[in-house]
Amino acid sequence: MRKSVIIGAAGLAVAGAVAAGGVAVAGNGDDGAASHQYTQAQADAAKKAALEATGGGTVNSVESDTENGATYEVEVTRTDGHTVDVRLDEQYGVVVIEGDSQG
């Protein structure tokens, strides 16, 4: 009996650690599949629009977005080294450009 209680407790501890790890991974800035609901062509168009809006730079990520009425969020590191989030509507028009809050 004592052996099965110890094994059961160890199993719960492992399950808890896995769950906690999942929370840590989910908190890395990527909202998972829900934030990637677009085609490659849409992602490419969003990247192009964001780079035009920022005057160039490097695209770090593209995500589906709903903040400020946006459809896409493109994280761009500008040529001056500052990182911004470019939020675009469904026609790839700029909704807002904000400083990226993720260090």
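Note that the working numbering has the sequence shown beginning at 1, numbered continuously upward.
We treat Cβ as the ideally placed atom computed from N, Cα and C, and that holds for glycine.
Keep in mind that this is a model prediction, so the values were computed, not measured.
- With a contact defined as Cβ atoms closer than 8 Å, aspartate 80 and glutamate 98 miss out at about 16 Å.
- The Cβ atoms of tyrosine 92 and serine 64 lie no closer than 8 Å to each other.
- Residue pairing by DSSP places arginine 78 in no beta bridge whatsoever.
- With contacts defined as CB atoms closer than 8 Å, alanine 46 and valine 76 fail to qualify as a contacting pair.
- Under the three-state reduction of DSSP, glutamate 52 is assigned to helix.
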